[in-house]
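Asker: Residue numbers (full-length UniProt numbering), protein chains in the order written: chain S, 1 to 112; chain P, 1 to 112; chain Y, 1 to 112; chain B, 1 to 486; chain G, 1 to 486; chain X, 1 to 486.
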Amino acid sequence: MKIVTAIIKPFKLDEVRDALTGIGVHGLTVTEVKGYGRQKGHTEIYRGAEYAVSFLPKLKIEVAVPTSQVDKVIDAITGAAKTGQIGDGKIFVYSLDHAVRIRTGETDTDAL
Amino acid sequence: MKIVTAIIKPFKLDEVRDALTGIGVHGLTVTEVKGYGRQKGHTEIYRGAEYAVSFLPKLKIEVAVPTSQVDKVIDAITGAAKTGQIGDGKIFVYSLDHAVRIRTGETDTDAL
Amino acid sequence: MKIVTAIIKPFKLDEVRDALTGIGVHGLTVTEVKGYGRQKGHTEIYRGAEYAVSFLPKLKIEVAVPTSQVDKVIDAITGAAKTGQIGDGKIFVYSLDHAVRIRTGETDTDAL
Amino acid sequence: MTVSMLRRALPALAVMLLTAGPALADGPTVDKGDTAWMLISTILVLLMTIPGLALFYGGLVRSKNMLSVLMQVFYCVCVACVLWPLFGYSMTFTGDNAYFGGFSKVLLSGVTTESLAGTFSVGVAIPELVYVAFQMTFAAITVALIVGAFAERMKFAAVALFVPLWLIFIYFPIAHMVWYWAGPDAVAAAAQAVHDAVDETAKAAAQAKLDEVLADSGLIYQFGAIDFAGGTVVHINAGIAGFVSCLLVGRRIGYGRELMSPNSLAMTMIGGALLWVGWFGFNAGSNLESNAYAGLALMNTFVATAAAALAWMFVEWAVKGKASLLGIVTGAVAGLVAVTPAAGFAGPMGSIVLGVIAGVICFIFCSGVKNALGYDDALDVFGVHCIGGIVGAILTGILVDPSLGGAGIVDYTACDPDGVCKTAAYDMTTQVWAQTKAVLVSLGWSGFGSLVLLKLIDWTVGLRVTADKEREGLDLVDHGERAYNL
Amino acid sequence: MTVSMLRRALPALAVMLLTAGPALADGPTVDKGDTAWMLISTILVLLMTIPGLALFYGGLVRSKNMLSVLMQVFYCVCVACVLWPLFGYSMTFTGDNAYFGGFSKVLLSGVTTESLAGTFSVGVAIPELVYVAFQMTFAAITVALIVGAFAERMKFAAVALFVPLWLIFIYFPIAHMVWYWAGPDAVAAAAQAVHDAVDETAKAAAQAKLDEVLADSGLIYQFGAIDFAGGTVVHINAGIAGFVSCLLVGRRIGYGRELMSPNSLAMTMIGGALLWVGWFGFNAGSNLESNAYAGLALMNTFVATAAAALAWMFVEWAVKGKASLLGIVTGAVAGLVAVTPAAGFAGPMGSIVLGVIAGVICFIFCSGVKNALGYDDALDVFGVHCIGGIVGAILTGILVDPSLGGAGIVDYTACDPDGVCKTAAYDMTTQVWAQTKAVLVSLGWSGFGSLVLLKLIDWTVGLRVTADKEREGLDLVDHGERAYNL
Amino acid sequence: MTVSMLRRALPALAVMLLTAGPALADGPTVDKGDTAWMLISTILVLLMTIPGLALFYGGLVRSKNMLSVLMQVFYCVCVACVLWPLFGYSMTFTGDNAYFGGFSKVLLSGVTTESLAGTFSVGVAIPELVYVAFQMTFAAITVALIVGAFAERMKFAAVALFVPLWLIFIYFPIAHMVWYWAGPDAVAAAAQAVHDAVDETAKAAAQAKLDEVLADSGLIYQFGAIDFAGGTVVHINAGIAGFVSCLLVGRRIGYGRELMSPNSLAMTMIGGALLWVGWFGFNAGSNLESNAYAGLALMNTFVATAAAALAWMFVEWAVKGKASLLGIVTGAVAGLVAVTPAAGFAGPMGSIVLGVIAGVICFIFCSGVKNALGYDDALDVFGVHCIGGIVGAILTGILVDPSLGGAGIVDYTACDPDGVCKTAAYDMTTQVWAQTKAVLVSLGWSGFGSLVLLKLIDWTVGLRVTADKEREGLDLVDHGERAYNL
Ligand SMILES: Nc1ncnc2c1ncn2[C@@H]1O[C@H](COP(=O)(O)OP(=O)(O)O)[C@@H](O)[C@H]1O
Ligand SMILES: Nc1ncnc2c1ncn2[C@@H]1O[C@H](COP(=O)(O)OP(=O)(O)O)[C@@H](O)[C@H]1O
Ligand SMILES: Nc1ncnc2c1ncn2[C@@H]1O[C@H](COP(=O)(O)OP(=O)(O)O)[C@@H](O)[C@H]1O
């Protein structure tokens, strides 16, 4: 099993979710994060104080899937999250040793 | 070493924490996340606009432990977080290559 | 490739970011988390209700880097995030199987 | 009851008076300054309720229940503002018997732009419509106060039923008992007639008439109890109803174990401050006239509140090690509650003392007694409003004493033909006993009545949401909304 | 137009009157109670706009656009408060023709601490400066209402241009058409002169003069339409402008697909409550005097609002399965809008009926019609203000009927020398038709005028931000700030 | 000092006057309209402080310090409301010498529902209790203003000590110096006596008496400086104290390097709007009467504020590229500050000019000068209140000029027996110099006095929390609470 983690632009969430359910992935977990990268931030001005804010709001999506599905998932996310502009984000894939569904105690791919 | 990650229902946090300290785990990190899965969401209505909200508030708990403790940790979390109803969440286990305690520079299991 | 994850004190973010850009790391992702560990929490009192709060605000920093850079990154984070007091946090290192830049489709180290 | 007449009550329409001295001969006068003051006082009491009370309460619950509290308070206001003109005003402020009013002004019949309501000065009136609106806001805030006790777990359907029922069976009767009387002009005119009577027979007839006028009043009024702006009717009344309801609905899941953090103490502070601001309409507006007594009530409402706030703050600092914002604000509200019955009766120095006492006692109740007894009065309706109200009611009986800087009690049976009245003789024991009886009757009626109403609702629609729903939060479950999307 | 004179309009300076009965002989009187009431009413209308309206609107948008809405409302207030004394007051409240005013009071020339403005009672005036300020706040809130329609996507530069232009070309003329007339003292004096004329020639001359005085008024005023506090001028006017603007600027990206969650319904509730609180200044203040009619307007503004709020709430509960806070608050605002033209004309029972009708109709528009037609009126400016305003305007023509408990319409051509005037004969068809014409003229002028202004702005600076900027949010893009850092 | 008498000061009790013309012969008159206006003005100043100022400030700090700011402002109000009746009123408004008052009214002795306070019109008074309360709110907000300068780092224990000390040693004396005088009735009666004196001896005696009456006033009052509502006493006074305190307590950790994002600009906007709303009580209330001059102050407070807000906004837009909400709101506050001394003296057009100047100058101070000098005046108490106050104080001396549309200065030594007084001759140089001296004395006394008090506190309990605690935030460290749990 693998965990596919994607950092995406927040307004792309619904499209990515739809793409994933389209390929049969019915579970995922989303975290609000701030990203720092090539994408330029903005400037905030509060009276005299001016600051360049370089952390931008992003969403992190985590999907646990059987290894066999990883490529399909990557394609689905890439397809849905891409705008072609700097800051579209990254996908990171890790190995997952073990998974458990708390409710039932089912493990590994049964738990996803 | 392993990292045990659990997605749980928010109101179960205190019980899970107590279960973990009960088996001698004294460190963990919690993140507020939104989960999408089998558990049905709710509908929000704002004047004319009606939306089915399918992302539900969950907590993600991360615990780094020596590999030997993984099963005890899984049991503790499962025991404490289970309500038996859909949406109780998942546990994911990853391998951890390396750990460092910033304060002291201690590494690996000493760092946990 | 590896993912270096660090749990740090929130006010150390800017220093850590600067240390990382100093060694040529130009991308990272930050999440607000709550940490439970040795560091003592505080007590909140609301009229008659008194509670010991043991979860403290922390930031989680995730940096994906080529394996060769891991030690430099750990040193940079440790150097910048250390105050020498309990609660400075931890660094966890995982293996990363795969990385993709959504915008371009570049993979692995090219994607970082 | 030949005893003192009280400043706080609804005088009957003064136009009925045709005899009496110059102040009354031509009917009462209406001053536009009084009208302006009463218009704005009415508006201030609304401000005090929404957004004031709503925020004071709303900020204290967990974010998942924030909107339910705001909603319930808003709903209380709307229900009161519809029931009041339909029949509430009539049931409260027309004569019938000592326990509840009549139906002669149902649908505001007879209340026009011409009709007047008396004040507490002989021969001075305000437009009755303004009086109706002013009193309406009191009904609204009183029922809204109760909401804090059963917050975070009562079904909205149950609340929706409870609010109108409580107004009808508890509030209207109690307000009638405390505030209904014939009014200064009627009393003064009847007393004047006794004085003017030329022979024995006439005197006896006039005396009988005077006794009748005096008897045309509510039960608690007849005790001789004084209550400037509603310590009994509003605070003790709502406070005990809250207490009963939190016992019946039961404790919140996790109460005492989980941290139930206020979602926004900033909102609570806004609410607390607006309560203070609006309370001037409540207290100084209860004078019904824009004169120095309104100024006295204003001043007392400033100083008692500030003193109670500081008292709570310093005691908390000493006892708990930290002075909290919630503490200073709650102390201020305790002071406001306590000074409500005393506002136009005590002197400013007496009010400072009153504030300090109320701040300390309410602190003890909310921090100590409540935990010891283990009831879950979520937002301290009992500890602040009922206890603060009782402290205020009893101490008002003492602080009104002119020898303690109090204003004394007007005796409307002893007015000269110009409408200037004497102050009644004051006896502390008598007065404190009258106050105590008023407290006991309110506690009994409202406590028992609320119990019956809640039991009825429990048997029909049920009081409480299921545990699952309580965990999810009332906002989503009952109202389909979330408070914050930041 | 020998027909009825209306309570709501600017009387000319009464000092010009030297003939007539006692009420007028010495010039009008100024009562400090009236002045106090109008000072506070003016302040209340500001409160209603900022923070009231700003929060009501601001809480409903997504958090990334929160500040832009607050900013736009604040900006509207500031622009109105500068343009009004410079020339707005003159353009609205001096005579010229039936469509727009003149320039004789530009830079407030002639408006001093000595000059007076008449009320709706013969011989009663208030300081003109207070009247100027009171009316200024009406201009401010009206233009601010429009902001809700194009929220979350209009460029600030476009808003910055639109606001002054709309005030100049739409608001000042419409306010002139509805509210400008010669005033009660002028009309009463001219009518008295007709009555006093000794021979035929004198009578004819006096009659000609009276006709001239009556003709010195705005177009809609001449229709005989009544509008106590600005249903036409404020709500229909702003509502249709909002409708046009949301069509022109187009739908928000994601409208209908994405959940655009209100960032804080708590803020919306604060705003809604402050709208209610401040609206008393608007409605009861529009009486210009602190008397029983202000009390009537106060009472109506309470009961219609409460009734509309409950109506919306219960209908929503029945139809959607849940009673929402946003629903009850929006219902309250719908009630406030609808009772605005009726406030001093309807009776309290009529106002309850009016509230229920307005609550239900506005619910249907906001929940049904809007979705069916698919326009993106972001904060329901059209559904609440335009529709509610139309319901109120038409029903005012019915509820003013004395036989329905209404106050009737004063006929200033039939006043006795003491300034007491008769009520005009009432005919429902005539009145409803007059109301309808007023509605149509407002819809036409404001709808068409707004279209032209917005097109002009679109061709010059452009109306809408780019898609990228809209996604990032106006707060950062236009103002460089973020609403929350919690 | 035979020069002009000023509108703004406490007149002594008018009952002492037994000689003089009709206006004075029977003692002063009390109008219920005036009383109503002053009651509500007092309430408005409280609204302006809590929640107004508290939110304006609170929204601007980081969320970890939000409650500490709210708490400090609330605490200031409570302390002022207890000290004022105890001895503050006496120390400010009884005669003793030119620098500080006496103790004859300690514990409000002699202040009853019978006692009166004069206004600025000969023969017109209000209940003294209302005056006491009104002035009390001024003490409360002034000391609360300082809090913004040392926000986010001062120990609460230090604040708790500083507030009462500053009131006693700085505020009461300065308020005495600026506002204490014998009152219009005393001056007019003494001048009348000079006029009525039949022979040389009598005239000399009467003149001596008049000189004595005129000399019975505070130092700055004797300069002939004018200050309608407290530009000097409130804003310059608090502003310079803030400046000194931010220098002494030092910069916040990370100041200039880290982004210290306002936790909620929405709260700041609510606060700013409520400041505006409440400021009418402050400025127009300072007229003490409900008449056309209150209307003038109302109007000026609208237009100067709006003009300053727009000035700041457009300058910021031009200079920084974006028009921010914080900018327009801060500009509005700068306008409010600047128009405070001018409110009843300038004309509306003059006030617009004043607003524009104040908006631009304060922008330069807050955006440029502060950064250049590097002091950490966290919430710009100095840049807005002290600088805005100085701009207003000086320009008031110019804009009062009747030839510039100003109201002129009343000369109470030249009143006719009906109480109508002449306007004093106006000389710009004299007046501006008087204003300048007033500014300098305030800056000196408050600046130096605050320095001494803060040093004393630093040596005893210490001014500043430790670095660790500052990082954790004052809310948890000092108050044991968190602002938000959303
Ligand atoms: N080395 C990295 N480790 C972790 N997260 C990264 C890294 N580089 C970029 N990111 C995340 O990806 C987001 C997008 O990266 P950015 O460089 O702005 O654009 P792009 O994805 O188009 O190359 C960043 O905001 C950050 O959250
Ligand atoms: N494939 C997955 N990858 C990551 N997270 C998942 C996945 N499936 C479920 N989750 C998380 O687990 C939570 C619970 O899952 P759900 O299907 O609702 O119920 P259950 O755990 O009872 O099967 C979800 O809300 C989501 O946060
Ligand atoms: N076993 C663990 N697994 C995951 N996170 C941990 C673990 N132990 C500690 N942490 C995280 O590290 C933070 C700091 O740990 P703590 O024990 O307080 O101090 P220190 O890092 O100085 O040992 C905690 O707040 C928590 O977020």
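We put the beta carbon where it would ideally sit given N, CA and C, even for glycine.
As the structure is a computational prediction, the values presented were derived from the model and not from experiment.
1. Smallest Cα separation from Asp380/B: which of Ala241/B, Val339/B and Ser109/B?
2. Just the chain D side, please: which residues come within less than 7 Å of Asp31/G by C-beta, in chain order?
3. Which chain Y residues are close to Glu258/X, counting only those with a beta carbon under 7 Å from its beta carbon?
4. Decide if Arg62/X is buried, meaning its Cβ has at least 16 other Cβ atoms within 10 Å, or exposed.
5. What residues in its chain sit with their C-beta under 6 Å from that of Gln135/X, if we drop five residues either side in the sequence?
6. Please list, in chain order, all residues of the same chain as Val356/B whose beta carbon is under 6 Å from its beta carbon, the five residues on each side excluded.
7. Relative to the C-alpha of residue 153/S, which candidate in His479/G, Gly473/G and Asp478/G has its C-alpha closest?
8. Going by beta carbon distance, what residues of the same chain come within less than 6 Å of Val352/G, once the five residues before and after it are set aside?
9. For Ala229/G, does the three-state DSSP call read helix, strand or coil?
10. Below 7 Å CB to CB, which residues in the same chain sit around Trp317/G once its five sequence neighbours on both sides are set aside?
11. Hey, would you say the C-beta of Gln39/S is under 8 Å away from at least one heavy atom of ligand 1?
12. Quick one: which chain S residues come within Cβ less than 8 Å of Lys322/X?
13. To test your reading of the DSSP string, which unbroken beta strand (DSSP E) runs of 3 or more residues are found completely within the segment 28-104 of chain G?
14. Please look up how many angstroms separate the CB atoms of Arg464/G and Arg153/G, rounded, as I've assumed it's under 8 Å.
15. Would you call the segment 138-149 of chain G in contact with the segment 201-212 of chain G, where contact means no fewer than 3 C-beta pairs closer than 8 Å?
16. Where does the unbroken beta strand (DSSP E) through Thr29/S begin, and where does it stop?
17. Please name the residues in the segment 1-35 of chain P whose beta-carbon is closer than 7 Å to at least one beta-carbon of chain Y, in chain order.
18. Closest to Ile457/X by C-alpha separation, out of Ser68/X, Ala332/X, Tyr99/X and Val159/X, would be which residue?
19. Is Thr56/S close to ligand 1? I mean its beta-carbon at under 8 Å from any heavy atom of the ligand.
20. Does Leu47/X have its Cβ less than 9 Å from a Cβ in chain S?
21. Mind checking the segment 83-96 of chain Y against chain P and listing, in chain order, the residues whose C-beta falls within less than 9 Å of any C-beta there?
22. With H, G and I counted as helix, E and B as strand and the rest as coil, what does DSSP make of Arg471/G?
23. Ignoring anything shorter than 3 residues, give me the beta strand (DSSP E) runs that lie fully in the segment 270-308 of chain B, in order along the chain.
24. Hey, out of Trp279/G, Leu107/G and Gly368/G, whose CA is closest to Ile50/G's CA?
25. Can you tell me the Cα-Cα spacing of Gly383/X and Gly239/X, whole angstroms?
26. Quick check: the Cα distance between Phe282/G and Val234/G, rounded to an integer number of angstroms?
27. Among residues of its own chain, excluding the 5 on either side of Thr109/Y, which ones have a beta-carbon nearer than 8 Å to its beta-carbon?
28. For chain G, find out if any of its Cβ atoms is closer than 9 Å to the Cβ of Met299/X; answer yes or no.
29. Residues bridged to Met136/G by DSSP?
Answerer: Checking against the coordinates, here is how it stands:
1. Of Ala241/B, Val339/B and Ser109/B, the residue nearest in Cα terms is Ala241/B.
2. The structure shown contains no chain D; the protein chains it does contain are S, P, Y, B, G and X.
3. Here the neighbours are Asp14.
4. Arg62/X counts as buried, since no fewer than 16 other beta carbons sit within 10 angstroms of its beta carbon.
5. Contacts found: none.
6. Excluding positions up to five away in sequence, the list reads Ala307 and Ala311.
7. A question about residue 153/S goes unanswered here, because the residues of chain S that appear run from 1 up to 112.
8. According to the sequence shown, residue 352/G is Ile rather than Val. Counting only Cβ-Cβ distances below 6 Å, and skipping sequence neighbours, we find Val303 and Ala307.
9. In the structure shown, Ala229/G sits in coil (DSSP, three-state: anything other than H, G, I, E or B).
10. So the qualifying residues of the chain are Ala323.
11. Yes; taking the cut-off as 8 Å, the Cβ of Gln39/S has a heavy atom of ligand 1 nearer than that.
12. Contact annotation for Lys322/X against chain S: Ile45 [CB-CB distance below 8 Å, chain order].
13. Counting whole runs of 3 or more residues, the segment 28-104 of chain G contains no beta strand (DSSP E) stretch at all.
14. About 6 Å; that satisfies the 8 Å criterion.
15. Verdict: no, contact absent.
16. Unbroken beta strand (DSSP E) run through Thr29/S: Leu28 to Tyr36.
17. So the list reads Ile3, Arg17, His26, Gly27, Leu28, Thr29, Val30 and Thr31, given in the order they occur along the chain.
18. The residue from Ser68/X, Ala332/X, Tyr99/X and Val159/X with its alpha-carbon nearest to that of Ile457/X is Val159/X.
19. Note that residue 56/S is Leu in the sequence shown here, rather than Thr. Indeed, a heavy atom of ligand 1 lies less than 8 Å from the Cβ.
20. It does not; no Cβ of chain S falls within 9 Å.
21. Of all residues in the segment 83-96 of chain Y, Thr83, Gly84, Gln85, Ile86, Gly87, Asp88, Gly89, Lys90, Ile91, Phe92, Val93, Tyr94 and Ser95 have a Cβ within less than 9 Å of some Cβ in chain P.
22. Note: Arg471/G maps to helix in three-state DSSP.
23. Fully contained in the segment 270-308 of chain B is no beta strand (DSSP E) run of length 3 or more.
24. Ranked by Cα distance from Ile50/G, the options Trp279/G, Leu107/G and Gly368/G are led by Trp279/G.
25. Gly383/X and Gly239/X have their C-alpha atoms some 8 Å from each other.
26. Looking at the backbone, the Cα of Phe282/G and that of Val234/G are separated by about 11 Å.
27. Taken in chain order, the residues that qualify are Met1, Pro66 and Ala99.
28. Nearest CB-CB separation between Met299/X and chain G: below the 9 Å threshold.
29. Under DSSP, Met136/G forms no beta bridge with any residue.
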